[in-house]
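Report on the structure given below.
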Amino acid sequence: MLIEEIIKSLNKEANVVNVIKGESDGSDVTGKEQHILQQINKVDDRVLRTLIDFYSAPLTAIEKR
7 MLIEEIIKSL NKEANVVNVI KGESDGSDVT GKEQHILQQI NKVDDRVLRT
57 LIDFYSAPLT AIEKR
């Protein structure tokens, strides 16, 4: 599933996850991480909402499946 692959990849990028979770304003991201965030911004709103939900409450997001 696409979402699972995205989550696996994002889990390797702690600063990106912190931005998604709202714990960072993104001022501390590297060029690579900024590129990742720009690509995430291009995904479907449902996918983005799923990522935000997952990183805000991982157990709740998994239980909703």
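Under this note's numbering, the first residue of the sequence shown is numbered 7, with each subsequent residue one higher. All residues carry an ideal CB built from backbone N, CA and C; glycine is no exception. A quick note: this is a predicted structure, and the numbers were derived from the prediction, not measured.
- Under a 10 Å Cβ-count criterion, LEU8 is classified as exposed, with fewer than 16 other Cβ atoms of the shown protein chains found around its own Cβ.
- The continuous alpha helix (DSSP H) containing VAL25 extends over residues 20-27.
- Its chain contains ILE9 as the residues whose beta carbon lies nearer than 7 Å to that of VAL53, once the 5 sequence neighbours on both sides are disregarded; these appear in chain order.
- In the three-state scheme derived from DSSP, where H, G and I count as helix and E and B as strand, VAL35 is classed as coil.
- Beyond the five residues adjoining it in sequence on each side, LYS27 comes within less than 7 Å, by CB distance, of TYR61 and SER62 in the same chain, given in chain order.
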